[in-house]
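Under the UniProt record's numbering, the letters of the sequence shown match residues 9 to 388, in that order.
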Amino acid sequence: VRSKLPKVGTNIFTVMSQLAMEHGAVNLGQGFPDFEVPGRLVQALEKAMRDGHNQYAPMPGIAALRQAIAGKTERCYGYRPDADLEITVTSGASEAILDAVQAVVRPGDEVIVLDPCYDCYEPAIQLAGGVAVHVPLDPETFAPDWALVRSAITPRTRMLMTNTPHNPSGAMFSAADIDSLTQLLRGTEILLLSDEVYEHIVFDGARHESALRHPELRERAFVVSSFGKTYHCTGWKVGYCIAPPALSAEFRKVHQYNTFCTFTPAQVAFAEMIEAEPGHYEGLGAFYQDKRDRFREQLLSTRLRPLPVPGGYFQLVDYSAVSDLDDAAFCRWLTTEHGVVAIPLSPFYGAPPQGQRLARLCFAKNETTLGAAIERLRGL
Ligand code: PMP
Ligand code: GLN
């Protein structure tokens, strides 16, 4: 087959989860919670199915959910998107990212991504015939160097993809980053894809700088989020995209012929949950901050050096005191010899930096799982 994606193999999350099963290892690799989803949400899902919400939903998403998302967005970011024209419910953030890119990127267009970046960005760009232009984030802080981003812009640049809070590092855009980003895009026709799936998982009183807060950004942005992260149900695959009417119209053309619509019962359940229990997403930062703090505290008894985690549910660790292996080899060795799965960072780069000795651990796990992992990591 003349592959359209010759460089793509099985992704690192699948590979490492498979390895975890084969070796009975504690899986802090693939990012998913191992605790229950809120009981109320499960009941709402069951009820939705029993009440007969089992057929196709409207293509953009059920009205009640789009209204709930509009209300939640206004409460969080002071801006109420138009539920009819600006919000589209998708089968996960992954679908939203693919749809957005397919909708606007033409063959030969360039899309700037900031490395390390989530692994679905580049294949989406390639499928559209576009070219991913990789710009490195700071290797220590994972903050963007906006002058470097600017120097990557050409007349062919169609889109910039950003992600805050960031997977894999947890770094978050500051207000100054938003200023720089705004200036960078001002007067250009470059679109923004802002991946904000960890929008509610932010720590230490920091403010999530959603592109939706900022008029100049949101007028050119596809803002993507995922209920999988917010409601501990990554397997339900429900997300959404907020974009201005003209961009949403193009986005929906792709969504309409990609999936057409998203799992109806879950849409009904999320609509009810968002309105009934705003405390759930409002408290998510505190919930995960507690996990982060305990986990980091315990990591101090190992030879892994934890990097700061401003947001998200991943902890980067520097393992250079333990091993000189490259990150892929280290993560395999950690799984097979010490029974803990971590994710190497190199798959998140166009060209991985040489000599980087970092691995990603997911702390969206119950305390027993994290405790068992720490026990093993102490043996390193
Ligand atoms: N973007 C980022 C940064 C992610 O971490 C993930 C999920 N791991 C996604 C997008 C995809 O989200 P979903 O599972 O809703 O498709
Ligand atoms: N987003 C998850 C992570 O970063 C993985 C999702 C997947 O397996 N594709 O771990």
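Ideal Cβ placement from N, Cα and C applies to all residues, glycine included.
The structure displayed is predicted, hence computed values, not measured ones.
### Query
For M281, does the count of other Cβ atoms within 10 angstroms reach 16, so buried, or fall short, so exposed?
A residue is called buried when at least 16 other Cβ atoms come within 10 angstroms of its Cβ; M281 meets this threshold and is buried.
### Query
Short check: CB of H240 to CB of V97, under 8 Å?
No. Outside cutoff.
### Query
Which class does A140 belong to by DSSP, given the choice of helix, strand or coil?
For A140, the secondary structure class from DSSP, reduced to helix, strand or coil, is strand.
### Message
I need the straight-line Cα distance from Y206 to S233, nearest angstrom please.
### Response
Linking Y206 to S233 through their CA atoms gives a straight-line distance of about 8 Å.
### Message
Please classify residue 389 as buried or exposed, where buried requires at least 16 neighbouring CB atoms within 10 angstroms.
### Response
For the chain, the structure presents residues 9 to 388; residue 389 sits outside this window and is missing.
#### Entry: CB of A33 within 8 Å of CB of V325, strictly
No, the Cβ-Cβ distance between A33 and V325 is not below 8 Å.
### Query
Taking C-alpha atoms, which residue in V330, K373, P286, D301 lies nearest to R311?
Per the C-alpha coordinates, the member of V330, K373, P286, D301 positioned closest to R311 is V330.
#### Entry: Coil, strand or helix - G178 by DSSP
It is coil, neither helix nor strand.
### Message
On a Cα-Cα basis, can you pick out the residue from A367, Q275, T344 that is closest to G60?
### Response
Comparing Cα-Cα distances from G60 to each of A367, Q275, T344, the minimum goes to Q275.
### Rounded distance between the beta-carbons of V157 and L192, thought under 8 Å
The Cβ separation is near 6 Å, so the contact holds.
### Within 8 Å, strictly: CB atoms of M67 and F268
Cβ atoms of M67 and F268: closer than 8 Å.
### Task
Please report how far the alpha carbon of R164 lies from the alpha carbon of V109, in whole angstroms.
Going by the C-alpha atoms only, they are around 15 Å apart.
### Task
Going by CA-CA distance only, name the one from S177, F181, E82 that's closest to C125.
Check the Cα spacing between C125 and each of S177, F181, E82: the tightest is with S177.
### Message
Quick check on DSSP: helix, strand or coil for G319?
### Response
Shown here, G319 sits in a strand according to DSSP, grouped into three states.
### Message
For a quick check, are the C-beta atoms of M180 and T172 less than 8 Å apart?
### Response
Yes, they are a contact pair.
### Query
Between the beta-carbon of G363 and the beta-carbon of H142, is there less than 8 Å?
Their beta carbons are not under 8 Å apart, which means G363 does not touch H142 by this criterion.
#### Entry: Of the listed residues L353, P318, D187, A254, nearest to Y327 (C-alpha basis)
Per the Cα distances, L353.
### Message
Given 7 Å as the limit, tell me if N19 has its C-beta closer than that to any heavy atom belonging to the ligand GLN.
### Response
In this structure, N19 has its CB closer than 7 Å to one or more heavy atoms of the ligand GLN.
### Query
Along the chain, which unbroken stretches of the beta strand (DSSP E) at least 3 residues long are found entirely within the stretch 258-341?
Runs of the beta strand (DSSP E) inside the stretch 258-341: 322-326.
### Message
Against chain D, does T18 count as a neighbour if the rule is that its beta carbon must be under 8 Å from one of theirs?
### Response
Absence of chain D from the displayed structure is noted, only one protein chain being present.
#### Entry: Residues that DSSP places opposite M167 in a beta bridge
Per DSSP, V119, L199.
### Spatially closest choice to R300 from Y265, A251, L385, V210, by CA coordinates
Of Y265, A251, L385, V210, the residue nearest in Cα terms is V210.
### Task
For N35, verify whether its CB is less than 7 Å away from any heavy atom of the ligand GLN.
No; taking the cut-off as 7 Å, the Cβ of N35 has no heavy atom of the ligand GLN nearer than that.
### Task
Spatial neighbours of K55 within its chain, please: CB distance less than 7 Å, with the 5 preceding and 5 following residues excluded, ordered by chain position.
Counting only residues of its own chain and dropping the five nearest sequence neighbours on each side, K55 has no CB closer than 7 Å to any other CB.
### Task
Starting from the N-terminal side, write out each stretch of the beta strand (DSSP E) that is 3 residues or longer and does not extend beyond the stretch 42-104.
As far as the stretch 42-104 is concerned, its whole beta strand (DSSP E) runs of at least 3 residues are 95-98.
### Contact between the stretch 311-321 and the stretch 119-137 (3+ Cβ pairs under 8 Å)
Per the Cβ contact rule, the stretch 311-321 is not in contact with the stretch 119-137 (fewer than 3 Cβ pairs under 8 Å).
### Task
Report yes or no: do the stretch 110-129 and the stretch 282-294 share at least 3 C-beta pairs separated by less than 8 Å?
Flag = no, the stretch 110-129 and the stretch 282-294 do not touch.
### Task
Identify which residue in A372, F295, L255, A65 has its Cα closest to the Cα of V113.
Ranking A372, F295, L255, A65 by CA distance to the CA of V113 puts L255 first.
### Query
Going by the CB atoms, is the gap between W154 and S188 shorter than 8 Å?
Result yes, Cβ atoms of S188 and W154 sit closer than 8 Å.
### Message
I'd like to know whether the C-beta atoms of L93 and P355 end up nearer to each other than 8 Å.
### Response
For L93 and P355, no; Cβs fall outside 8 Å.
### Task
Note down, in chain order, each residue of its chain lying with its Cβ closer than 7 Å to the Cβ of E258, except the 5 sequence neighbours on either side.
Closer than 7 Å at the Cβ level, and outside the excluded window around E258, lie A111, V112.
### Task
Return the Cβ separation of residue 5 and L201 in integer angstroms, given the expectation that the two are a contact with Cβ distance under 8 Å.
Because the chain here runs from 9 to 388, residue 5 falls outside it and cannot be looked at.
### Query
What three-state label does DSSP hand A214 in the structure shown?
If DSSP states are grouped into helix, strand and coil, A214 belongs with coil.
### Query
Where do the N-terminal and C-terminal ends of the alpha helix (DSSP H) with Y129 fall, by residue?
Counting along the chain, the alpha helix (DSSP H) containing Y129 begins and ends at 129-135.
### Task
Would you check whether the ligand GLN has a heavy atom nearer than 7 Å to the C-beta of Q323?
Answer for Q323: no, Cβ out of range of the ligand GLN.
### Query
For V119, is the classification buried or exposed, using 16 other Cβ atoms within 10 angstroms of its Cβ as the cut-off for buried?
Buried is the label assigned to V119, since at least 16 other Cβ atoms lie within 10 Å of its Cβ.
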